[in-house]
Every structure is written in structure tokens, then in C-alpha cells.
Amino acid sequence: MTKTVRLTMAQALTRFLSRQVTEIDGKKVPIFGGVWAIFGHGNVAGVGEALYQVRDELPTFRAHNEQAMAHAAIAYAKANFRRRFMAATTSIGPGALNMVTAAALAHVNRLPVLLLPGDVFANRLPDPVLQQVEDFSDGTASVNDCFRPVSRYFDRITRPEQIIPALNRAMQVLTDPAECGPVTLSLCQDVQAEAYDYPESLFAERVWTQRRLRPDRNELEAAVAALKGAKKPLVIAGGGVLYSQASSELAKLAQSAGIPVCETQGGKSSLPDDHPLNMAAVGVTGTSAANRLAEEADVVLAVGTRLQDFTTGSWALFKNAGRTIIGLNTQVFDAGKHWALPLVADAAEGLSELTAALKGWKAPAAWTDNALKGKGDWQAAAAKVTASTNAAYPSDAQVIGAVQRAMGSGVTLLHAAGGLPGELHKLWQAGAPGSYHAEYGFSTMGYEIAGGLGVKMAKPGEEVVVMVGDGSYLMLNSEIATSVMLGLKLTIVLLDNRGYGCINRLQMATGGANFNNLLRDARHEVMPDVDFAAHATSLGAVAEKVASIAELETALAKAKGNDKTTVLVIDTDPLVSTDAGGHWWDVAVPEVSSRPQVNAARKKYEEAVGSRQG
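For the sequence shown, UniProt numbering assigns the number 1 to the initial residue and increments by one for each residue that follows.
Here it is, written out as C-alpha cells:
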């Protein structure tokens, strides 16, 4: 007879989560690093009480914003190369909906997170309850249905026994390299408190390990034949290289075959910046070294990348009409994009087998030598734009140079939306794999500080540097207080260009008038004058506004010795970006306008679209 234990559904859920483990470096560790929680009437009595009972095995962390706590959980998973992850629970209504943006971020970036929003009463007897949204034509509708399109797996738990198969499916998705992404279990609040006789076997320890799919023989043969016929091969390293921890396999392929490598935003730091064959960033925010090679390449090995528009220059970057793309990816959907030769496999396994099959073959020496020269030329150009300056309003690139000189490549550098991703992708010199952490798949403003917190939780012994603009900071800064409360020190460099400088530059580039992006161009009675240092201080951080690049470097050196989060603020120029490198990006310009600047931009746009090969 099956042994059972009587628990509430919420107690069964939390006990199950506390018993799931993984192996890292030969040691068993909990696969869930903890649960982020903001309680309300829809989860405090059920999930809240259940979390209290397992608080020693499954720690609960309190945040100040539901979106931010989910961002922290997602960053934690990314920093752990998807081997460990976290859960996040909210009440119903606005708390749940605040997590939808984070769910979309995780969905786009293929990152695991377990979302546990409270939901309405399954029995419907007290309806409508506080925060419940009623649909006049659908009695089953809930605001949590918004999670459906941005979840890899969604389930609404309306009976306590439903949690048994739902948890099994959730773990399958969270640990699958191809399906990986957010899982939402929508927990009806009355069901959270209902008891059921659960089988004790549900709570047995289970070890989840990384699945490594080896390539199909026929697909491998086709990929090898394409590479052996290449005169100008190029590797594009995406985030899948890091999630697979395939950096050493990538380096072996590059060295043995003499193939240059370039990196997407998600794949940057797959190779250290000083690796001779690392051409660094590719695409819209790419280096001249990488993009020149991408334009000429006849075979492109795309490893662990979904080939989004910033990587491909809106599919105008690859100008060799006879090019072949090889899609090495765990996900079939990505492996076959743009008629690529699919090579469905784990990145480490696929690269290893390619290297073995290509033994003795090398790319033409002229191509490899050309790449090495291009890298040297790019490094000289990058050194100029990142050099120190006495300008009253330095550029983002000059601030990046200061942070690099003061902090080195041994830190983990984190950023997200705005102008910084473009500059950092080109200019930051990353060290170890995973030391460059960008959220640019969904380009989510507000990710930076919460994400930095999640990275620090994953890497407590490392220096985590967050670079953020004033616009993103004002959107979501509350987790500075959480980092102080938890004793998790971040170094935050806040670049104040007094508005949304990046999108203002895009507006200008497409012929638009300066309108509603910089604060001076937005409707106002009084110009805002935000004291960011005072604000960060009020949240418990050490904060200082610096007046120059030299002062910033001094303050950064001092920040290394601080024992809590430090925020350094510097004014920057909103109109300057690095001209070197980069590529056209498809942003549609109006066909009809009364402004000559827009008409001129439209003409250039049509010329660019007409020259696209993809």
C-alpha cells in the first residue's frame, strides 16, 4: 500500500521544491536557490505558511517589487548557467501582473524561473474577491491568463492533487536545454489551503542533471562538409555556448581550425577578450573586426544563438550571397532558421565532435591572418574612444574605459537596456565565461539593479558591477534596499544623461525631431533635477556623485573596499556614441512626412533595405 502524508497543496509544493537537487563539480546542491516572495491575501495564508515550514531548507527572500524579484531570480539562473534557479510568488491581481514582464524576459532569453502567482478562488463562492478581474463572457478567466503566451509551461491548479503532475512537468521544462524557460503554476488561493493525502514518494530527493544531446550523424557530416569547403569560415558564439559551458571546446575548434569567432550580446565572454581569434561583438553593436568578417564569410557556424536582428544586422550583415549557415543548437526551431543546415546538439558536444571531424583541416591562412590584423586595428580604435578625458560631460565609452581600468576584467559586469548595451558589447573586455551579463534579448529597462542582486546571490564571492542609465534607474531601483538588507554588495555606476539618450539618438537618426526623450524635450513646467546620490543614500547605499572620469576611477578603487552596495553617479553626454564598428538596423521610417529630415532618412532606409541579402 502506498504511504501517504496529509499536507495542504502549498505544503506539498514547497516540500517538493526543497527536495530537488542537482550536481555541480561532483557535489549535490539544491537546484532551487530559494523563493522570492511578496505576500498578499492570495498567497500569504497558503504559500506563506508553507514556506515558513521549510525556511531552513528553502530560504525565502523579501523584495520591494514583484517584477524586480523575478528579474533577480532570472539573473541568478543565468549566472548559474541555468544549472540552478529560483521561484517567485505573489498575490493575485497587480502583484501577479507585475511579474509578466519578467516572464517575457525569461521566455525570450530561454532562462528558467518558476513563477507562483496566487489566483482567484477555484470554488468561486466568494467571487468577486479583492483584486479579481471579472470577464463578462468567461467565468474561467483570470489576470493570470496573461502568463500563458510568455510561459513555456502554464498550469492553473484548481484541485490539490493537480500539483503532482504539474510539478513533474515544471521540472522537465526548467531543466530541459531546448524547452528551458519560465514555468507558471497559477495557484488558486483556496486550493493552496486544501489538504490531500500525497504519496511520500513525491518528496523523495531527485537529482536533475544537464542533458547533453549529441549530434545526428547525417547532420554532423553535412556540417563538416560545409566547413571543409569554406574559404572564409566564421563562428558566431551565442548564449548557448555559456549555458553549455562550452568555452573550452569553442577555443579548441578556433585554434585547431584557425576559425575566427565573434560573439552575440548573450554569448559575449564565451572566449576571453584577449583570445587572439576572438573578434568580439558582432552585428548592430559589433566591432569593425567582427562585422567585416561577417560580411565576407561563406560559412557561418552559429552556435547557441537565436540569430535575432541585432546579431544579423536585420539580416543585412551577411553579404556573401552564396553563404551557408550551420545552426548548432539544442532547439530545432533555432537550428533551422533562415534555411540553415541544422546541427541539433548540445554546444559542447557539437563543438567537440566538429573539432574531431575537422582534425587536420585549417581555414586558409590568409583568412585567419586577415582576422588577426582586423582585431589589432579594432583594439587601437577602441582604445581611443575609451581613453580618459577632462570633458565636463564624458561619453558612455569614456565611462566604460574608466570602469575597465579601475575594476579590470575579473569582475562580473551587468547591464541591460539603453545605450550602454551597444557600447559595452563593443568595448568591454570580458574575462572569464559568464563575466559579461547582458539582458538585451528583451531589452528590459529596470533589469539592471535587480539582476545585479541575482548575480551576486549566485556569485557571492565575486565583485559585481552594474552599469545603468538614469532612465532605467528611475524605473526600478528599489532592490538597492534589498541588497543592503541582505548584505549583498553591488557596485553601481549610474550614468546620468538626463533622459532616454539612446532612443533620442535613434529618433534623430531616423529623421525625427528631438521629442519626448531627453527631459529638456519633454513637456515640463520645471526641469527635473534628481539627486541620485541622495536617493541611493536614502535606500541604505554608500553613494557619491563624481565630477570627472579621474574622480570616477578614484571612487571605484575606494568602492572595492566598501562592505555594502555603492552607487557612483556621473553626468554624461546624451548625444555621443561610438562611431567605430556597428551596423545598420532595420527601424522603419515613415514613407510620408512634412519634414525634409524624415524624407531624407526614408530614402536612406529604402536603399539599405534594397541591399539586404537575407
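For every residue, glycine included, the Cβ atom is placed at its ideal position computed from N, Cα and C.
In the structure shown, what three-state DSSP assignment does residue 315 receive? Looking up residue 315 in the sequence shown gives position 315. Reduced to three states, the DSSP call for residue 315 is coil.
Counting only runs that start and end within the segment 546 to 593, where is the beta strand (DSSP E) found for 3 or more residues in a row? 566 to 571
Let's see if you can read the secondary structure: which residues bound the beta strand (DSSP E) around residue 99? Taking the first residue of the sequence shown as 1, we reach residue 99 at position 99. No beta strand (DSSP E) holds residue 99; DSSP gives it neither H nor E.
Limits of the alpha helix (DSSP H) - the one that residue 68 falls within: Stepping through the sequence shown from its first residue, residue 68 is reached at position 68. That run of the alpha helix (DSSP H) goes 66 to 79.
If you draw a straight line from the alpha carbon of residue 72 to that of residue 33, how long is it in whole angstroms? Along the sequence shown, one-based indexing puts residue 72 at 72. Along the sequence shown, one-based indexing puts residue 33 at 33. Spanning the two alpha carbons is a distance of roughly 11 Å.
Run the CB neighbour count on residue 437, radius 10 Å, all protein chains shown included, and call it buried at 16 or more, exposed below. Sequence index remark: in the sequence shown, residue 437 carries index 437 (1-based). Classification for residue 437: buried.
Roughly how many angstroms lie between the CA atoms of residue 504 and residue 514, to the nearest whole one? Reading the sequence shown from its first residue, position 504 is the one you call residue 504. Reading the sequence shown from its first residue, position 514 is the one you call residue 514. Roughly 7 Å between the two C-alpha positions.
Can you give the Cα-Cα distance for residue 199 and residue 449, rounded to whole angstroms? Indexing the sequence shown from 1 puts residue 199 at position 199. Indexing the sequence shown from 1 puts residue 449 at position 449. Cα to Cα, the separation comes out at about 42 Å.
Among 108, 87, 185, nearest to residue 442 - alpha-carbon criterion: Walking along the sequence shown from the start, residue 442 turns up at place 442. That would be 108, whose Cα lies nearest to the Cα of residue 442.
Taking DSSP as the reference, what is the three-state secondary structure of residue 133? In the sequence shown, counting from the first residue as 1, residue 133 sits at position 133. Residue 133: coil per DSSP, three-state reduction.
Pull up the distance between the alpha-carbon of residue 290 and that of residue 279, whole angstroms please. If you number the sequence shown from 1, residue 290 lands on position 290. If you number the sequence shown from 1, residue 279 lands on position 279. So the alpha carbons of these two residues sit roughly 5 Å apart.
C-beta contact flag for residue 243 and residue 110 at 9 Å: On the sequence shown, residue 243 is found 243 positions in, with the first residue counted as 1. On the sequence shown, residue 110 is found 110 positions in, with the first residue counted as 1. Cβ atoms of residue 243 and residue 110: closer than 9 Å.
For residue 256, which option in 352, 132, 417, 488 has the closest C-alpha, if you only look at C-alpha atoms? For the purposes of this step, residue 256 is taken as the residue at position 256 of the sequence shown. The shortest C-alpha separation from residue 256 is found at 352.
Euclidean distance between Cα positions of residue 604 and residue 422: Against the sequence shown, residue 604 aligns to sequence position 604. Against the sequence shown, residue 422 aligns to sequence position 422. Near 22 Å, if we compare the C-alpha coordinates of residue 422 and residue 604.
For the candidate residues 115, 161, 87, 402, whose alpha-carbon lies nearest to that of residue 97? Against the sequence shown, residue 97 aligns to sequence position 97. Minimum Cα distance to residue 97 is reached at 115.
From which residue to which residue does the beta strand (DSSP E) around residue 186 run? Counting from 1 along the sequence shown, the entry for residue 186 is found at position 186. 182 to 188 is the span of the beta strand (DSSP E), which, as asked, contains residue 186.
What does a CB cutoff of less than 7 Å around residue 405 pick up in its chain, not counting 5 residues either side in sequence? The residue you call residue 405 lines up with position 405 of the sequence shown. Closer than 7 Å at Cβ, skipping near neighbours: 553.
Residue 348 (DSSP reduced to helix, strand or coil): Numbered from its first residue, the sequence shown carries residue 348 at position 348. Here residue 348 sits in helix by DSSP.
With a cut-off of 8 Å on the beta carbons, I'd call residue 493 and residue 568 a contact; round off their distance for me. Residue mapping note: residue 493 aligns to position 493 of the sequence shown, counting from 1. Residue mapping note: residue 568 aligns to position 568 of the sequence shown, counting from 1. Indeed they touch by this definition, with Cβ atoms about 5 Å apart.
If you compare alpha carbons, which of 191, 89, 79, 476 is closest to residue 536? To locate residue 536, count along the sequence shown from 1; it is residue 536. Of 191, 89, 79, 476, the residue nearest in Cα terms is 476.
Enclosing beta strand (DSSP E) for residue 519 [first to last residue]: Along the sequence shown, read from residue 1 onward, the residue named residue 519 stands at position 519. Here residue 519 belongs to no beta strand (DSSP E), and DSSP marks it neither H nor E.
Under three-state DSSP, which class holds residue 491? Numbered from its first residue, the sequence shown carries residue 491 at position 491. Residue 491 falls in the strand class under three-state DSSP.
For the candidate residues 178, 341, 358, whose alpha-carbon lies nearest to that of residue 253? Counting from one through the sequence shown, the residue named residue 253 turns up at place 253. Of the listed residues, the one whose Cα sits closest to residue 253 is 358.
Please identify the residue among 430, 235, 502 whose C-alpha is closest to the C-alpha of residue 304. Here residue 304 corresponds to residue number 304 of the sequence shown, with the count starting at 1. Of the candidates 430, 235, 502, the one whose C-alpha sits nearest the C-alpha of residue 304 is 235.
If I'm right that residue 88 touches residue 35 with Cβ under 8 Å, what's the distance once you round it to whole angstroms? Within the sequence shown, numbered from 1, the residue matching residue 88 stands at position 88. Within the sequence shown, numbered from 1, the residue matching residue 35 stands at position 35. 7 Å between Cβ atoms; contact.
Starting from residue 399, trace the alpha helix (DSSP H) both ways and give me its first and last residue. Walking along the sequence shown from the start, residue 399 turns up at place 399. Where residue 399 is concerned, the enclosing alpha helix (DSSP H) stretches over 396 to 407.
What's the gap between the Cα of residue 484 and the Cα of residue 541? Taking the first residue of the sequence shown as 1, we reach residue 484 at position 484. Taking the first residue of the sequence shown as 1, we reach residue 541 at position 541. Cα-Cα distance, rounded: 7 Å.
As a quick exercise: from 331, 346, 7, 385, pick the residue whose alpha carbon is nearest that of residue 213. Locating residue 213 in the sequence shown gives position 213, where the first residue counts as 1. Residue 213 has its Cα closest to that of 346, out of 331, 346, 7, 385.
Would the beta-carbon of residue 426 fall within 9 Å of that of residue 264? To locate residue 426, count along the sequence shown from 1; it is residue 426. To locate residue 264, count along the sequence shown from 1; it is residue 264. No, the pair does not count as a contact, with Cβ atoms beyond the cut-off.
Taking the alpha helix (DSSP H) that residue 147 falls in, what are its first and last residues? Position 147 of the sequence shown, counted from the start, is the residue given in the question as residue 147. Looking at the DSSP string, residue 147 is not in any alpha helix (DSSP H), and its letter there is neither H nor E.
When you compare only the Cα positions, how much space is there between residue 332 and residue 571? Indexing the sequence shown from 1 puts residue 332 at position 332. Indexing the sequence shown from 1 puts residue 571 at position 571. Each residue's Cα considered, the two are about 46 Å apart.
Can you tell me which of 452, 215, 558, 522 puts its alpha carbon nearest to the alpha carbon of residue 76? One-based indexing of the sequence shown puts residue 76 at position 76. That would be 452, whose Cα lies nearest to the Cα of residue 76.
Between the alpha carbons of residue 444 and residue 468, how many angstroms are there, rounded? Residue numbering aside, residue 444 sits at position 444 when the sequence shown is read from its first letter. Residue numbering aside, residue 468 sits at position 468 when the sequence shown is read from its first letter. Cα-Cα distance, rounded: 12 Å.
Cβ shell of residue 275 (< 6 Å), same chain only, five flanking positions each side left out: Walking along the sequence shown from the start, residue 275 turns up at place 275. Nothing listed; no residue qualifies.
For a test of the three-state rule: what should DSSP assign to residue 53, helix, strand or coil? Numbered from 1 along the sequence shown, position 53 holds the residue referred to as residue 53. Helix.
Residue closest to residue 366, alpha-carbon to alpha-carbon, out of 258, 506, 308, 46: Start at 1 with the first residue of the sequence shown, and residue 366 comes out as number 366. If we check each option's Cα against that of residue 366, 258 comes out closest.
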